[in-house]
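My numbering numbers the first residue of the sequence shown as 1 and each following residue consecutively. Backbone N, C-alpha and C define an ideal beta-carbon position, used for all residues, glycine too.
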Amino acid sequence: MSSDVSTTAADHAMRHWLSEEPGQIEIGSEAHKRLFCRMLLDTHNPYKPAVIVWPELDPAALQRITSLPIWDIAVQTEGRAQLRVAAYTDRVNDPLLREAMTMDGGEEARHKVVLSKLVEFYGIPLAPEPAYHIPKDPEWGWLVTGYSECIDSFFGFGLFESAKRTGYFPEELVETFEPVMQEETRHILFFANWIAWYRRQLPWWRRAAFELKVVRVWAYLIWERIGIARGLDGNGEMQDANFALTGTKQIGLDLKLSELLDLCLVEDERRAAGYDKRLLRPTFMPRLARLVRRFMR
Ligand SMILES: [Fe+2]
Ligand SMILES: [Fe+2]
């Protein structure tokens, strides 16, 4: 098999997956756990960042790419994600879940390597990376990473697609980076199912504390994003402007917010369409986007 054929096969395999589990699957059951863990494990794309061939860009394209204010944030987000996922994985005893979470964390580590290679190849200057801290409460860290991926991927999918359509990202670069975007789709699918499953595992007396923690995580994520957007974060972390908030201007589009939300909704659905229909889909961001959409033309 030529390497082109095997790359295409791996790409198809990471986007399409049906479980062999028969019939309906009850959320929170052992079968449900097998469903979302196997999805992540079976759709892993074994590409190697070291052998990625970065396309040469013409000067204008290179200028557009290097001036995007996302690179520090992207590298640091992956660095933190990798650590947070690993810290929670250490707590997981179930062998299958542990295997899947190890893969999830490994993919975050690989994202960071891909980004570092990209940054190095195109000569993008980066701020020095801050020290990453292992969260005192690993469950908190894992929830923060999971939910922030749900928010950022939702906008990222739409912005990536519009940058592709306008040619802001040259086609070769879109193709090179595409597997990373699809990996985030698998991650948020995994997280949405994990949290539904996990809730059912908790005894009733731990449920209230857990739900409170989820609310605190959301409050933290909103606060973090407002801080990034205002550039108020003076502690050396996340120096970049927020891509999701300033992204449409940066990628040179005059997309109205309503058009961007529509594109995010379409892309969010399209990217998850190839996976077993019995897996839950992340719903919070799509619902919020549809709600906001109702008040816009
Ligand atoms: Fe990632
Ligand atoms: Fe991820």
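Within the same chain, Ala31, Arg34 and Leu35 come within 7 Å of glutamate 21 by CB-CB distance, once the 5 residues on both sides are set aside. With a cut-off of 8 Å on Cβ pairs, the stretch 189 to 205 is not in contact with the stretch 112 to 123, counting fewer than three such pairs.
As the crow flies, the alpha-carbon of glycine 141 is around 13 Å from that of phenylalanine 210. Fully enclosed alpha helix (DSSP H) runs of no fewer than 4 residues occupy 95 to 121 of the stretch 73 to 138, in order along the chain. Going by beta carbons, valine 215 and histidine 111 fall outside the 7 Å limit. DSSP, reduced to helix, strand and coil, places tryptophan 54 outside both helices and strands of the structure shown, so it counts as coil. Boundaries of the alpha helix (DSSP H) around asparagine 193: 171 to 201. Shown here, tyrosine 168 sits in coil according to DSSP, grouped into three states, outside any helix or strand. Taking a 10 Å sphere around the C-beta of glutamate 26, we find fewer than 16 other C-beta atoms and assign the residue as exposed. With a cutoff of 7 Å on beta-carbon distance, valine 92 and glycine 105 are scored as not near each other. Annotation: tryptophan 197 to arginine 98 spans about 14 Å, alpha carbon to alpha carbon.
By alpha-carbon distance to phenylalanine 160, the top candidate from Ile151, Phe177, Glu149 and Ser148 is Phe177. DSSP, read as helix, strand or coil, puts tyrosine 47 in coil.
A distance criterion of 6 Å places the beta-carbon of glutamate 108 in contact range of ligand 1, judged by its closest non-hydrogen atom.
Taking 7 Å as the cut-off, the Cβ atoms of glutamate 107 and glutamate 224 do not count as close. Methionine 285 places its beta carbon less than 7 Å from that of phenylalanine 154. The shortest CA-to-CA distance from glutamate 78 to any of Asp58, Pro55 and Ser148 is the one to Ser148. From the listed residues Pro55, Gln201, Ala163 and Pro135, the smallest Cα separation to leucine 255 is found for Ala163. Taking C-beta atoms as the reference points, glutamine 76 and alanine 109 fail to come closer than 7 Å.
Distance from arginine 186 to leucine 96 at the Cβ level is roughly 16 Å; contact not present, criterion being Cβ atoms closer than 8 Å. For proline 22, there is no enclosing alpha helix (DSSP H), as DSSP marks it with neither H nor E.
For lysine 33, the enclosing alpha helix (DSSP H) begins and ends at 30 to 42.
The shortest C-alpha to C-alpha distance from isoleucine 151 to any of Glu171, Leu261 and Pro59 is the one to Leu261. By DSSP's assignment, tryptophan 205 forms no beta bridge with any residue.
Apart from the 5 residues on each side of it in sequence, phenylalanine 169 sits with its Cβ closer than 6 Å to the Cβ of Ala163 in its chain, given in chain order. Here the distance from the Cβ of glutamate 78 to the nearest heavy atom of ligand 1 is below 6 Å. DSSP places proline 59 inside the alpha helix (DSSP H), whose first and last residues are 59 to 66. The Cβ-Cβ distance between proline 138 and alanine 87 falls below 7 Å.
In this structure, histidine 44 has its beta carbon at no less than 6 Å from each heavy atom of ligand 2.
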